[in-house]
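Numbered per the numbering used here, the sequence shown finishes at 427, counting up by one with no gaps. Virtual Cβ for every residue (Gly too), placed ideally from N, Cα, C. Everything numeric in this text was worked out from a predicted model, so none of it was measured. In what follows, a single structure is set out as structure tokens and then discussed.
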Amino acid sequence: MNKPIRIALLGLGTVGSGVYKLIHRRAQEMPQIAGAPIEISHILVRNTAKERPGVDSSLLTDNWADIVNDPEVSIVVELMGGMEPAHTYIAEALKAGKNVVTANKDLIAMHGGDLLDLAAEHQCDLQFEASVAGAIPIIRPLKQCLAGNEISEIMGIVNGTTNYILTRMTQDNMEFADALAMATELGYAEADPTADIEGYDAGRKVAIMASIAFHSRVTFDDVYTEGITKIQSTDIRYARELGKAIKLLGVACNTEEGIEVRVHPMLIPASHPLATVNDAFNAVFVHGDALDDAMFMGRGAGELPTASAVMGDIIDTARNLLMGCTGRIGCTCYKNVPVKSIDDIRSKYYIRLNVENRMGVLAGVSGVLGNNGVSISQVLQKQAAGDSAELVVITDTVRERHIRDALLILENMSMVHEVSSVIRVY
Ligand code: NAP
Ligand code: HSE
Numbered sequence: 002m003n004k005p006i007r008i009a010l011l012g013l014g015t016v017g018s019g020v021y022k023l024i025h026r027r028a029q030e031m032p033q034i035a036g037a038p039i040e041i042s043h044i045l046v047r048n049t050a051k052e053r054p055g056v057d058s059s060l061l062t063d064n065w066a067d068i069v070n071d072p073e074v075s076i077v078v079e080l081m082g083g084m085e086p087a088h089t090y091i092a093e094a095l096k097a098g099k100n101v102v103t104a105n106k107d108l109i110a111m112h113g114g115d116l117l118d119l120a121a122e123h124q125c126d127l128q129f130e131a132s133v134a135g136a137i138p139i140i141r142p143l144k145q146c147l148a149g150n151e152i153s154e155i156m157g158i159v160n161g162t163t164n165y166i167l168t169r170m171t172q173d174n175m176e177f178a179d180a181l182a183m184a185t186e187l188g189y190a191e192a193d194p195t196a197d198i199e200g201y202d203a204g205r206k207v208a209i210m211a212s213i214a215f216h217s218r219v220t221f222d223d224v225y226t227e228g229i230t231k232i233q234s235t236d237i238r239y240a241r242e243l244g245k246a247i248k249l250l251g252v253a254c255n256t257e258e259g260i261e262v263r264v265h266p267m268l269i270p271a272s273h274p275l276a277t278v279n280d281a282f283n284a285v286f287v288h289g290d291a292l293d294d295a296m297f298m299g300r301g302a303g304e305l306p307t308a309s310a311v312m313g314d315i316i317d318t319a320r321n322l323l324m325g326c327t328g329r330i331g332c333t334c335y336k337n338v339p340v341k342s343i344d345d346i347r348s349k350y351y352i353r354l355n356v357e358n359r360m361g362v363l364a365g366v367s368g369v370l371g372n373n374g375v376s377i378s379q380v381l382q383k384q385a386a387g388d389s390a391e392l393v394v395i396t397d398t399v400r401e402r403h404i405r406d407a408l409l410i411l412e413n414m415s416m417v418h419e420v421s422s423v424i425r426v427y
């Protein structure tokens, strides 16, 4: 039998504990599955005194030097999160010839390119399947199984917290604040939910997927992000009436004018496969020239689902180690495609307005839209209450900058009390 492959865990929180459990749960089978036993040599934590039931406390350390200087450790599994010291530790591990597995989307979405270069320089694996959509295999499919395709579009629900909130708003007619409170109570949303509800978490995942799918480096800074805080149950009711659902989507498209990368709420047809993905589930829809359409769906977070993806990377790295081929699949970005500004993106829009309830208002609103190159596809008007009326306009496909110009004028017209919502339509 091959001698054990020794790994170090950096972090023993939600994901680290899941990996610890899976390593022990599958220990007997590892020689057959990975080619050798996989054993944990060290676990780096902040607080070694904390009670950690079921964990061998002799493995705990708060000293990174114990790990990076241990020649027996061949895989470092970074599950601490955040930028520092994770960035430094991963770079030092690679420089020491150690392979790295990480779930850290914040880091990969900003510094993935540099770290992959470092991994290549030292012929090491740097694997990060769990950084996007938790348990769902998407990095490896994009890099390997779908490598024969020209991928033109990826569209995904890649944040479970916001999908849970939108599901509650849709199925239980809740308002955003109440649904957020419920997501917090159930442990989906973190104490500070900003990264989830403002779309930053999804933006990081979209940057990582776009880089791989389009072979061109995209960082989080390139991604336009808009969250779900302004969505109201009224919008969800109108969407239903229009045969659509509202989802927070990460969108990456490879167009002739450049790459589009954005995260924002969107009305999608109720018949679209993504519209049926509810609660905290994630899903990624991919279009390739040979593949046509495919959708990957599953749990995007949580202890064991995320550990499942981390374990897959550990086992793959172990196999590469045993075959002497670590570093076989490194960075696949060989192009330098520009990223389009959000102003140049084209979409249809849903615009909900609270307007004066009198003759000529509809003509005034449509005049402003028309003068700015925005053509109208559909208008709904109801709930006229006294002096006010609610107007919903669905536009044809227009450039973002034309919508912005029109909205600026509408917002300043006396006949328009309020532009209540503006949401893109698929
Ligand atoms: P977590 O529960 O907050 O755990 C973090 C762990 O890292 C803790 O054990 C902590 O030590 C340790 N740690 C943090 N900073 C450290 C430092 N400076 N030195 C040593 N140890 C340190 O985090 P998590 O939810 O497991 O997330 C880990 C990573 O997985 C993140 O990159 C996250 O984005 C990613 N991820 C998480 C999920 C999920 O469902 N949670 C899903 C996908 C990806 P103590 O125990 O001593 O505090
Ligand atoms: N906070 C993320 C979500 C999980 O709600 O999907 C970690 O990526």
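Problem - beta strand (DSSP E) runs wholly inside the stretch 232-256, at least 3 long, in chain order - result: Annotation note: the stretch 232-256 contains the following uninterrupted beta strand (DSSP E) runs of length 3 or greater, listed N- to C-terminal: 245-256.
Exercise for the section: Could you tell me if the beta carbon of Thr-307 falls within a distance shorter than 7 Å of some heavy atom in the ligand NAP? Expected result: Result yes, Cβ under 7 Å from the ligand NAP.
Problem - Minimum C-alpha distance to Pro-274 - residue among Val-287, Gly-149, His-265 and Arg-238 - result: The option with the nearest alpha carbon to Pro-274 is Val-287.
Exercise for the section: Taking only runs that begin and end inside the stretch 271-356, name each unbroken beta strand (DSSP E) of 3 or more residues, in chain order. Expected result: Taking only runs of at least 3 residues, the beta strand (DSSP E) segments lying wholly in the stretch 271-356 are 282-289 and 293-300.
Handout entry: Inter-stretch contact (C-beta, 8 Å, three-pair minimum) for the stretch 296-309 and the stretch 234-245
Key = Inter-segment contact for the stretch 296-309 and the stretch 234-245 is absent: fewer than three beta-carbon pairs are separated by less than 8 Å.
Exercise for the section: Please report how far the alpha carbon of Ser-389 lies from the alpha carbon of Tyr-351, in whole angstroms. Expected result: The alpha-carbon separation between Ser-389 and Tyr-351 amounts to approximately 19 Å.
Practice task
Answer yes or no: the CB of Tyr-189 versus the heavy atoms of the ligand HSE, is any distance below 7 Å?
Solution key: Under cutoff, so the answer is yes.
Problem - Reference His-426; option with closest CA among Glu-258, Met-360, Asp-406 and Ile-237 - result: The sequence shown places Val at residue 426, rather than the His named in the question. When each option's Cα is compared against that of Val-426, the closest is Ile-237.
Handout entry: For Met-170, the three-state DSSP class (helix, strand or coil)
Key = Met-170: helix per DSSP, three-state reduction.
Exercise for the section: Using the Cα positions of Val-133 and Arg-218, report the straight-line distance between them to the nearest angstrom. Expected result: The alpha-carbon separation between Val-133 and Arg-218 amounts to approximately 16 Å.
Exercise for the section: Leaving aside the five residues before and after Asp-213 along the sequence, list all residues of the same chain whose C-beta is less than 7 Å from its C-beta, in chain order. Expected result: As written in the sequence, residue 213 is Ile, which differs from the Asp given in the question. Taken in chain order, the residues that qualify are Ile-140, Leu-143, Lys-144 and Thr-333.
Handout entry: Beta carbon of Gly-157 nearer than 8 Å to that of Tyr-189
Key = No, Cβ-Cβ distance for Gly-157 and Tyr-189 is not below 8 Å.
Exercise for the section: Please confirm whether Glu-130 and Asp-314 have their CB atoms less than 8 Å apart. Expected result: When the beta-carbon positions are compared, Glu-130 and Asp-314 come within less than 8 Å of each other.
Handout entry: Straight-line gap, Asp-107 to Tyr-90 (C-alpha atoms, nearest Å)
Key = The alpha-carbon atoms of Asp-107 and Tyr-90 are separated by roughly 15 Å.
Problem - Inter-residue spacing [alpha-carbon to alpha-carbon] between Leu-370 and Val-423 - result: If I take the Cα positions, the gap works out to 14 Å.
Practice task
With a 10 Å radius around its C-beta and 16 neighbouring C-beta atoms as the bar for buried, classify Gln-128 as buried or exposed.
Solution key: Its Cβ being crowded by 16 or more others within 10 Å, Gln-128 is buried.
Practice task
Report, in whole angstroms, the separation of the C-beta atoms of Val-78 and Leu-10, which I expect to be a contact under 8 Å.
Solution key: About 5 Å; that satisfies the 8 Å criterion.
Practice task
Go ahead and pull the three-state DSSP assignment for His-88.
Solution key: If DSSP states are grouped into helix, strand and coil, His-88 belongs with the helices.
Practice task
Please state if the CB of Thr-226 and the CB of Val-264 are separated by a distance shorter than 8 Å.
Solution key: Contact flag set, yes.
Problem - Rounded C-alpha distance that separates Gly-14 from Pro-32 - result: The alpha-carbon atoms of Gly-14 and Pro-32 are separated by roughly 27 Å.
Practice task
Say yes only if the C-beta of Gly-135 is nearer than 7 Å to one or more non-hydrogen atoms of the ligand NAP, and no if none qualify.
Solution key: Yes.
Problem - Helix, strand or coil at Thr-230 according to DSSP, with G and I counted as helix - result: Reduced to three states, the DSSP call for Thr-230 is coil.
Exercise for the section: For Asn-64, verify whether its CB is less than 7 Å away from any heavy atom of the ligand HSE. Expected result: For Asn-64, the shortest separation between its Cβ and any heavy atom of the ligand HSE does not lie below 7 Å.
Exercise for the section: With DSSP as the reference, please indicate the residues paired to Arg-400 in a beta bridge. Expected result: Arg-400 has Arg-347 as its beta-bridge partners, per DSSP.
Exercise for the section: Compare the Cα-Cα distances from His-96 to each of His-123, Thr-277 and Gly-113 and report the closest residue. Expected result: With the sequence shown as reference, residue 96 is identified as Lys, and His is not the correct amino acid for it. Among His-123, Thr-277 and Gly-113, the Cα nearest to that of Lys-96 is on His-123.
Practice task
Could you please give me the residues that DSSP links to Arg-7 through a beta bridge?
Solution key: According to DSSP, which records beta bridges pairwise, Arg-7 is partnered with Glu-40 and Val-74.
Exercise for the section: Report buried or exposed for Arg-169, applying the criterion of at least 16 other Cβ atoms within 10 angstroms of its Cβ. Expected result: When all chains shown are included, Arg-169 counts as buried.
Handout entry: Proximity test, Thr-162 beta-carbon vs the ligand HSE heavy atom, cut-off 7 Å
Key = Yes, Cβ of Thr-162 sits closer than 7 Å to a heavy atom of the ligand HSE.
Problem - When Ser-421, Leu-408 and Met-414 are compared against Leu-392, the one with the closest alpha-carbon - result: Among Ser-421, Leu-408 and Met-414, the Cα nearest to that of Leu-392 belongs to Ser-421.
Exercise for the section: Using the Cα positions of Leu-117 and Cys-125, report the straight-line distance between them to the nearest angstrom. Expected result: Cα to Cα, Leu-117 sits roughly 9 Å from Cys-125.
Practice task
Could you name the residues of the same chain whose beta carbon sits closer than 6 Å to that of Gly-204, not counting the 5 residues immediately before and after it, in chain order?
Solution key: Closer than 6 Å at Cβ, skipping near neighbours: Phe-221, Val-224, Thr-226 and Val-264.
Exercise for the section: Please report how far the alpha carbon of Asn-255 lies from the alpha carbon of Gly-228, in whole angstroms. Expected result: Roughly 23 Å separates the two Cα atoms.
Handout entry: Proximity of Ala-148 and Ala-211 at Cβ, strictly below 8 Å
Key = It is not a contact, given that the beta carbons lie outside the stated cut-off.
Handout entry: Contact check, Leu-250 vs Thr-163, beta carbons under 8 Å
Key = No, they are not a contact pair.
Handout entry: C-beta atoms of Ser-75 and Arg-27 nearer than 8 Å
Key = Not closer than 8 Å, so no.
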